[in-house]
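Participant: The structure's right below; bear with me while I get my questions together.
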Amino acid sequence: MKKKTAKKKAVPRKQTPRSETSELLAFAIDLAYEAGALTLRYYGGLVDADDKSDGSPVTIADRKAEQLIRKRVGKRYPEHAVLGEEYGESNAGARVRWILDPIDGTRSFMHGVPLYGVLIGIEAEGEPIVGVTYFPPLDEMVAAGRGLGCKWNGKPCRVSSVSRMQDAVVCTTDVERLLKRPEGLGWRRLQQRSAFSRTWGDCYGHALVATGRIEVQVDPVMKPWDAGPFLTITTEAGGKFTTLDGKATIHGGSGISTNGLLHGEVLRELASGGRGGSPQASPG
6 MKKKTAKKKA VPRKQTPRSE TSELLAFAID LAYEAGALTL RYYGGLVDAD DKSDGSPVTI
66 ADRKAEQLIR KRVGKRYPEH AVLGEEYGES NAGARVRWIL DPIDGTRSFM HGVPLYGVLI
126 GIEAEGEPIV GVTYFPPLDE MVAAGRGLGC KWNGKPCRVS SVSRMQDAVV CTTDVERLLK
186 RPEGLGWRRL QQRSAFSRTW GDCYGHALVA TGRIEVQVDP VMKPWDAGPF LTITTEAGGK
246 FTTLDGKATI HGGSGISTNG LLHGEVLREL ASGGRGGSPQ ASPG
């Protein structure tokens, strides 16, 4: 008779100590302020840009701001990895990884629109633990650490308590790109059912959700550095951040921030392709 072998218990992933998260958050906030000040030297003037392989622009301010953050992180935490939009990844495989977008909304930056942001996300063992987004022209900071809550300009902030789509404000970064996706007709229906919709795009829309000023932000395309801070920020503010197909990750290629109360309804509507979804279903 064969002996039964005991099943191995899954080893739980180590939790990052609260003190470490707090230290990383404070440093990330300092770096966002410093990089933001650098970008303002170029903001509002004529800025030359190169086109990247995906057709998006990159300016000298993007490059210098990322270089600054990389230098500061490398000096203080030489063992950490850094993944940035402009210079790729260094020290891959490290336990802690910084994810940077020095200017999210480069086109806004180039045209003197004040809604661009400096984005910093930090992962520990692959899990997001810190998120910081700073809007230099507005001097507006939204920052969060896992288990530490979310703060807007240093004061605690929460998502809104709106629970009906007819009272909600829904936003997206790129209407045309969204309409080309299978979820496009579902987005149209969300627009029709909501109080109103806008295109307060890029990082600004996600910050608006976390600070309770709108309820839904849908981004059909998000790279890890675009999404880097927002799973932590939105979750700590009491909301939800997932991909368009409902996965709670910053690496899924798309992103939705909501106040949480409307998240399930938004996902169902987008998935239905505008065929009605389940408007009366309880929000998830």
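All the letters of the sequence shown, read from the start, carry residue numbers 6 to 289 under our numbering.
Ideal Cβ positions, reconstructed from N, Cα and C, are used throughout, including at glycine.
Source: prediction; values computed, not measured.
1. Taking the alpha-carbon positions, what's the residue 20 to residue 205 distance?
2. Answer with buried or exposed for residue 116, where buried requires no fewer than 16 other C-beta atoms within 10 angstroms of its C-beta.
3. Going by beta-carbon coordinates alone, are residue 85 and residue 101 separated by less than 8 Å?
4. Check for me: the beta strand (DSSP E) holding residue 76 runs from which residue to which?
5. Go through its chain and collect everything with a Cβ distance to residue 186's Cβ below 6 Å, but skip five positions before and after it.
6. Enumerate in chain order the residues of its own chain whose CB-to-CB distance from residue 189 is below 7 Å, with the five nearest sequence positions on each side excluded.
7. Short of 7 Å in beta carbon distance, which residues of its chain neighbour residue 68, apart from the five on each side in sequence? Order them along the chain.
8. According to DSSP, simplified to helix, strand and coil, what is residue 172?
9. Do residue 110 and residue 126 have their C-beta atoms within less than 8 Å of each other?
10. Quick one: measure Cβ to Cβ for residue 214 and residue 271, integer angstroms, because I've assumed they're closer than 8 Å.
11. Between the C-alpha atoms of residue 77 and residue 241, what's the straight-line distance to the nearest angstrom?
12. Look up residue 155 in the DSSP assignment and give the residues it is bridged to.
13. On the three-state DSSP scale, how would you describe residue 277?
14. Starting from the N-terminal side, write out each stretch of the beta strand (DSSP E) that is 3 residues or longer and does not extend beyond the segment 205-276.
15. Mapping the DSSP letters down to three states, classify residue 35 as helix, strand or coil.
16. Just curious, the alpha helix (DSSP H) that residue 164 is in, first and last residue?
17. Smallest Cα separation from residue 103: which of 97, 87, 113?
Facilitator: In this structure, then:
1. As a first step, residue 20 must be located in the sequence shown, where it is residue number 15. As a first step, residue 205 must be located in the sequence shown, where it is residue number 200. Computed Cα separation, rounded: 35 Å.
2. As a first step, residue 116 is located in the sequence shown; it is residue number 111 there, counting from the start. Around the beta carbon of residue 116, a 10 Å sphere encloses fewer than 16 other beta carbons of the protein chains shown; the residue is thus reported as exposed.
3. If you number the sequence shown from 1, residue 85 lands on position 80. If you number the sequence shown from 1, residue 101 lands on position 96. Cβ atoms of residue 85 and residue 101: closer than 8 Å.
4. Residue 76 sits at position 71 when you count from the first residue of the sequence shown. Residue 76 -> not in any beta strand (DSSP E); alpha helix (DSSP H) instead, spanning 65-81.
5. Numbered from 1 along the sequence shown, position 181 holds the residue referred to as residue 186. Cβ neighbours of residue 186 beyond the five flanking positions: 225.
6. Numbered from 1 along the sequence shown, position 184 holds the residue referred to as residue 189. Close CB contacts of residue 189 within its chain, under the 7 Å cut and outside five residues either way in sequence, are with 183 (chain order).
7. In the sequence shown, counting from the first residue as 1, residue 68 sits at position 63. Closer than 7 Å at Cβ, skipping near neighbours: 91.
8. Taking the first residue of the sequence shown as position 1, residue 172 is located at position 167. When secondary structure is reduced to three states using DSSP, residue 172 falls in the helix class.
9. As a first step, residue 110 is located in the sequence shown; it is residue number 105 there, counting from the start. As a first step, residue 126 is located in the sequence shown; it is residue number 121 there, counting from the start. No; because the gap between Cβ atoms is not below 8 Å, this pair is not in contact.
10. For the purposes of this step, residue 214 is taken as residue 209 along the sequence shown, with counting starting at 1. For the purposes of this step, residue 271 is taken as residue 266 along the sequence shown, with counting starting at 1. Incorrect: roughly 11 Å between the Cβ atoms, too far for contact.
11. By one-based count along the sequence shown, residue 77 stands at place 72. By one-based count along the sequence shown, residue 241 stands at place 236. When rounded, the distance between both Cα atoms is 26 Å.
12. Locating residue 155 in the sequence shown gives position 150, counting from the first residue. Paired residues: 149.
13. Locating residue 277 in the sequence shown gives position 272, counting from the first residue. Here residue 277 sits in helix by DSSP.
14. If we require 3 residues or more, the beta strand (DSSP E) runs fully inside the segment 205-276 come out as 221-224, 245-247, 260-263.
15. Counting from 1 along the sequence shown, the entry for residue 35 is found at position 30. Here residue 35 sits in helix by DSSP.
16. On the sequence shown, position 159 is the one that residue 164 refers to. Element bounds for residue 164: n/a, residue is neither H nor E.
17. Here the question's residue 103 lines up with position 98 in the sequence shown. Residue 87 is the option with its Cα nearest to residue 103.
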